[in-house]
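Structure record follows, encoded as structure tokens.
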Amino acid sequence: MNITSRLIIILMSVLGIAACTNEESFTVSSGARLEFSTDTVSFDTIFTSIGSSTQRMKVYNRNSKGIRISSAYLASGGTSGFRVNIDGQSGTTFSDVEIYNKDSIYVFVEVTVDPHDSDSPVLVEDSLIFNLESGVRQSVKLMAYGRDAIIMRGEHISSDTEFTKTRPYLIYDSLVVDSGAVLKLQPGSELYFHSEAKLIVFGELHSEGTLEEEVVMRGDRTDNILDGLPYDRLDAQWGGVVVKDGARCVLNHTDIHGGRFGISCTSAKPETQSIEIENSVIHNVAGDGLYLENCSARVYNSQISNSKGYCVNIVGGNSDFVHCTIVQFYPWSGGYGNALLFTNVLGEETCPLQNASFTNCVITGGAKDEVFGERSDDESVPFVYKFYHCFLNTVYDEEDPDENMIDCVFENEENDCFRQSNFRKLDTDNYLYDFRLDSASLARGMADPVVSAEYPLDRYGVSRVGNGVKPDAGCYQYVETETEQ
């Protein structure tokens, strides 16, 4: 027998021994169990007929020997709408899945819930069953809430229409309100926009939310990008609201967030009011929060915050802001704009700024100067602005005061309460913000009470008048918290 033949025999023997050893390494002991990264795979509320995102879990074998899963299957037989992938194989039933000792496999789960013609979310349940070779049976619960939605794809509102709170509206390819038509959003209406979809208004938009039932416009992703971080806290999840020349937009108690921009309004007739916003929020967008080009706008008791562009960008026109909180703490990247820009310049052209007035407002952010005015070299072009009883983070020369800034309080780095510390909560790890005032903020008690009497309630319905109350600047009146009592 030559050397080559002997080596082949030795190698085959080694492989045979290894195979026997591997075979013997699987246990059939009833005491050997699998462990799961979760006992329940659950999905946040998803829209019926629209597939969910993918959830994943891990199946661990922490035993000293391997475990064979003789069969794994969905208890429903696949009729519940759940779909699974076990260790790279998709289906509803699986057999002879092996997990070696101290090893693990992934299980991926998706679900599509069938429409159920209900105005309330419906719970859908199933279980993923694991039958081990030992006879042990283990399971993981699968849960999802399905919600029927009114799905709109590239639709036009050509006659007066009302949306209600009965079911959410899921919008693809934008929703257009045609000229001459009025879209009314009743209290509690929810508009979910798919990626890039916009609400484009040529006619009229009336959003009639209330303190108890806000109107919400947001992206359509209801799942998480990371554990504990929902897509709803990210920007650029949908387009935004576009108000065209000649259109009108009236918003009350409306929450617009997570878009590529907030509201963009252009007008050829600044003498005709095109925007009225009260008790509302525009938050966390990837462009300008509120862009007003040659518009007539009235904004009060509203929060405009965290925009990669400017929170408020005014190009010409006639704008009044009263009791607004305009704050720039955009978290996602550097190179973002300031809280406020007002100008009479549009590219190489001029755009008369007939009026930009701010009364009892808070305008601040993380930069050293959050208030910018840009004036045309042509001094004959109107550039009219005023800040009255405002709390401002801007460079101010006391020796050469700006006569357009009247009875304002200016932030100072020497103050104990400065920039983000003016507010109750800025959780930049979880992207949660509460722009109600801190107890030490200098914005407290500085508003003009005569003006505040015309706006007696803040955005949350807290009174800013009577009983010796001194009104605060911004859209939130300070309320003592339990920890401060």
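Numbering-wise (numbering that gives the first Met the number 0), the sequence shown opens with residue 0 and increments by one.
The beta-carbon is built from N, C-alpha and C at its ideal position, and this holds for glycine as well.
Reduced DSSP category for residue i - H, G, I as helix; E, B as strand; rest coil
i: Q236; result: coil
i: Y395; result: coil
i: P448; result: helix
i: D231; result: helix
i: R463; result: coil
i: S266; result: coil
i: N278; result: coil
i: S194; result: coil
i: S89; result: strand
i: R220; result: coil
i: Q419; result: helix
i: D244; result: coil
i: D43; result: strand
i: D254; result: strand
i: H205; result: strand
i: Q327; result: strand
i: R259; result: coil
i: Y477; result: coil
i: R435; result: strand
i: T20; result: Note that T20 scores 47 on pLDDT, short of 50, meaning its location in the model is unreliable; the coordinates nonetheless yield the value given after this. Note: T20 maps to helix in three-state DSSP.
i: N429; result: coil
i: V200; result: strand
i: T78; result: coil
i: T363; result: strand
i: S440; result: coil
In DSSP terms, what residue i is bridged to
i: V108; result: Q54, V83
i: F162; result: L184
i: S94; result: S70
i: H371; result: The question names His, but residue 371 in the sequence shown is Phe. Paired residues: L340.
i: Y299; result: E277, V321
i: E34; result: Y59
i: V348; result: The sequence given here has Glu at residue 348, not Val. Answer by DSSP bridge pairing, in chain order: L345.
i: T271; result: Bridge partners of T271: none, in fact.
i: T358; result: V321, Y387
i: L174; result: L198
i: K424; result: D433
i: I49; result: Answer is none; I49 lacks a bridge partner.
Heavy atom of the ligand NAD within 6 Å of residue i beta-carbon
i: D437; result: With respect to the ligand NAD, the structure offers nothing, as it holds no ligand at all.
For residue j and residue i, the rounded distance between their alpha carbons
i: T491; j: R217; result: In the structure displayed, the chain extends from 0 to 484; residue 491 sits before or after that span and is not available.
i: N21; j: P229; result: Only weak support is given to the placement of N21: the predicted model assigns it a pLDDT of 48, under 50, and the value that follows is read from those uncertain coordinates. The alpha-carbon atoms of N21 and P229 are separated by roughly 44 Å.
i: N60; j: V106; result: 14 Å
i: G460; j: I98; result: 59 Å
i: Q327; j: F341; result: 15 Å
i: R67; j: D147; result: 41 Å
i: V450; j: L431; result: 31 Å
i: S279; j: Q302; result: 6 Å
i: V394; j: V361; result: 15 Å
i: G238; j: E402; result: 39 Å
i: N421; j: L391; result: 12 Å
i: Y290; j: I281; result: 11 Å
i: D43; j: V139; result: 17 Å
i: Y72; j: N130; result: 9 Å
i: C350; j: D222; result: 43 Å
i: H252; j: L190; result: 14 Å
i: P120; j: E132; result: 39 Å
i: E275; j: E203; result: 12 Å
Buried/exposed call for residue i, threshold 16 Cβ in 10 Å
i: P470; result: buried
i: H115; result: exposed
i: A143; result: buried
i: I224; result: exposed
i: V478; result: exposed
i: G465; result: exposed
i: Q88; result: exposed
i: D125; result: buried
i: R136; result: exposed
i: P167; result: buried
i: L122; result: exposed
i: E453; result: exposed
i: P400; result: exposed
i: N411; result: exposed
i: A439; result: exposed
i: E270; result: exposed
i: K197; result: buried
i: L345; result: exposed
i: V298; result: buried
i: N283; result: buried
i: D406; result: exposed
Short CB-CB distance (under 7 Å) between residue i and chain C
i: D368; result: The structure shown contains no chain C, having only a single protein chain.
**Report entry** Ranges of the alpha helix (DSSP H) found wholly within the segment 121-149, counting only runs of at least 4
**Finding:** Restricted to the segment 121-149, not a single alpha helix (DSSP H) segment is unbroken, complete and at least 4 residues in length.
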